[in-house]
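Numbering (our numbering), first residue to last: 157 to 316.
We put the CB at the ideal spot given by N, CA and C, even for glycine.
Have a look at the structure below before the remarks.
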Amino acid sequence: MATASNRWTNEQSSFELVVPGVLDADSSAGPANLDAEIRTQVWLLLGALYPQARPINRRRFQRYPYPHLIHLTPVGESGESLDERPLVVAGKNISEHGISFFHSGPLALRRAIASLETGSGNWFHFLVDLTWCRFTHHGWYESGGFFLRPVSAPPAMIRG
C-alpha cells in the first residue's frame, strides 16, 4: 500500500499529514482502483477534518476523538470472558490499533472486551490489552491500550 506524506514547518514546530492508500488510482481501470480512489478521498477528507497537530514521529497512528461510552467486560488470563457486568467508561480517542478512555477509579484489569456502539445501534467488540493508566489533575483516571482482535459479544452484553 502506498502512502503520501505532506510536511508543514513553521517557526514553532513541524507537522505531518500521512494519507494511506493509492493516490494515483485510475477509476476507469476497475473496482479495485475505484475502491482505492474512494479510500484516498476519504483519507484526504479526514485529514482536512482532523489535521494532525502533532510533532513528527510522536505517534505512530492517527487518533480520532471518540466521545462515546464504552463497555469494558473483564477477561481472564486465558482469554475467557468473565461473567461480570461491564464497566462503563467514557471514550477519549480511537485509532486503527487502540483506544483510550476516562474512568472514575483505578482498574484492576489487564485485558478486557471493549464494546463500542455505532450510531445505528450495532456493536463492535474487541479484545483489548490495557497497557497504561494515569491519574489526571481533574480527579479521573485515563487508560488505554491496543486492540488484540475482534471478538464476539461478551455474555453480559447478550443478556443485557
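C-alpha distance - residue i paired with residue j, whole-angstrom precision
i, j, result
"Ala181", "Glu236", "Here the model assigns Ala181 a pLDDT of 44, short of 50, so the residue's position is not dependable, and the following value carries that caveat. Answer to the nearest angstrom: the Cα atoms are 44 Å apart."
"Val245", "Pro223", "10 Å"
"Asn189", "Phe217", "24 Å"
"Gly300", "Gly254", "7 Å"
"Arg403", "Leu200", "Here the chain has residues from 157 to 316 only, and residue 403 is not among them."
"Pro187", "Gly203", "24 Å"
"Asn278", "Gln197", "26 Å"
"Ile194", "Ile226", "29 Å"
"Ala309", "Pro242", "11 Å"
"Ala192", "Leu238", "41 Å"
"His293", "Thr274", "30 Å"
"Ser234", "Glu298", "25 Å"
Pick from the options that is closest to residue i, judged by C-alpha positions
i, options, result
"Ser251", "Arg290, Pro311, Leu238, Tyr206", "Tyr206"
"Gly232", "Ile269, Ser276, Ser299", "Ile269"
"Glu240", "Ser234, Thr229, Lys248", "Thr229"
"Trp296", "His253, Lys248, Thr274", "Lys248"
"Leu286", "Gly275, Leu272, Arg266", "Arg266"
"Gly261", "Arg290, Thr196, Ser276, Tyr220", "Arg290"
"Leu272", "Ser256, Ser234, Pro187", "Ser256"
"Pro221", "Phe258, Pro310, Trp288, Ser276", "Phe258"
"Leu263", "His293, Ser234, Ser276, Trp288", "Trp288"
Beta bridge counterpart(s) of residue i as assigned by DSSP
i, result
"Phe258", "Ala246, Glu298"
"Arg290", "Glu298"
"Thr229", "Ile269"
"Arg305", "Leu283"
"Ser237", "Val231"
"Tyr222", "Note: Tyr222 sits in no beta bridge, so no partner."
Assess contact between the region 274-283 and the region 291-307, defined as three or more Cβ pairs (one per stretch) separated by less than 8 Å. Is contact present? Verdict: yes, contact present.
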